[in-house]
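Colleague: The structure that follows is given in the form of structure tokens.
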Amino acid sequence: MQIQTEEHQAKAVGKNMRVSYKETTEIGRFIKGDSVEKAENKLERVIEKELAVPMTKFNSDAGHKSSGGPGKYPVKAAEEMLEKLRGAISNAENEGLNADQLEVQNVISNQGPKMRTPKRHRGREIKTSHVTIIVGEK
Numbered sequence: 040m041q042i043q044t045e046e047h048q049a050k051a052v053g054k055n056m057r058v059s060y061k062e063t064t065e066i067g068r069f070i071k072g073d074s075v076e077k078a079e080n081k082l083e084r085v086i087e088k089e090l091a092v093p094m095t096k097f098n099s100d101a102g103h104k105s106s107g108g109p110g111k112y113p114v115k116a117a118e119e120m121l122e123k124l125r126g127a128i129s130n131a132e133n134e135g136l137n138a139d140q141l142e143v144q145n146v147i148s149n150q151g152p153k154m155r156t157p158k159r160h161r162g163r164e165i166k167t168s169h170v171t172i173i174v175g176e177k
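For the numbering used here, add 39 to where a residue sits in the sequence shown, where the first one is 1.
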């Protein structure tokens, strides 16, 4: 299914990203509705392990952090999401949108295929996810 964007929106799509679906979902909830500068700042702080992503849906076995409540530092997923967010910002600038007025309007994450590594006995399943970040003018 193709996701249509309106005239005042731009998107960036990541397919088969080698990050956990659960982590991308929680990061999406964490940055949705923020301005793009604030979202970039949050993701950079998660990568530096200064700010924990609150785990709201997938919070089993997540320890409580100083920000209050269960949280984690999904560094690899935050790096991938930051790359896609910057791609969405550049797509918006190419479409002629005002970069100062952009906000993260929607983050859609879906499970991707699980890839098996051929090992001797069981091998391992590598988790993948599909992420779409939609930014638009306020």
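Glycine residues also receive a C-beta, built at the ideal position from the N, C-alpha and C atoms. For clarity, every value in this text was computed on a predicted model and none was experimentally measured.
1. For Lys96, which of helix, strand or coil comes out of DSSP?
2. Using C-beta distances below 6 Å, list every residue in its chain close to Ser59, excluding the 5 sequence neighbours before and after it, in chain order.
3. Along the chain, which unbroken stretches of the beta strand (DSSP E) at least 3 residues long are found entirely within the stretch 40-91?
4. Please state whether DSSP places Leu136 in a helix, a strand or coil.
5. From this set, Arg57, Asp139, Gly53 and Glu45, which residue's C-alpha is nearest Lys115's C-alpha?
6. What do you reckon, are the CB atoms on Ala51 and Ile172 nearer than 7 Å?
7. Flag Ile165 as yes when its Cβ comes closer than 6 Å to any non-hydrogen atom of the ligand COA, and as no otherwise.
8. Report, in whole angstroms, the separation of the C-beta atoms of Pro113 and Glu76, which I expect to be a contact under 8 Å.
9. Would you kindly check if the distance between the Cβ of Glu164 and the Cβ of Arg155 is under 7 Å?
Modeller: The answer reads as follows:
1. Reading the sequence shown from its first residue, position 57 is the one you call residue 96. Coil.
2. Position 20 of the sequence shown holds residue 59. Same-chain partners within the cutoff: Lys166.
3. 48-56
4. In the sequence shown, the residue the question calls residue 136 occupies position 97. In this structure, Leu136 counts as coil in the three-state DSSP scheme.
5. Start at 1 with the first residue of the sequence shown, and residue 115 comes out as number 76. The candidate whose alpha carbon is nearest that of Lys115 is Arg57.
6. Taking the sequence shown and counting its residues from 1, the one referred to as residue 51 is at position 12. Taking the sequence shown and counting its residues from 1, the one referred to as residue 172 is at position 133. Closer than 7 Å, so yes.
7. The ligand COA is absent from the structure shown, which contains no ligands of any kind.
8. As a first step, residue 113 must be located in the sequence shown, where it is residue number 74. As a first step, residue 76 must be located in the sequence shown, where it is residue number 37. Between the beta-carbon of Pro113 and that of Glu76 there is about 21 Å, and that puts the pair past the 8 Å contact cut.
9. Sequence index remark: in the sequence shown, residue 155 carries index 116 (1-based). Sequence index remark: in the sequence shown, residue 164 carries index 125 (1-based). Between Arg155 and Glu164, the gap from beta carbon to beta carbon is short of 7 Å.
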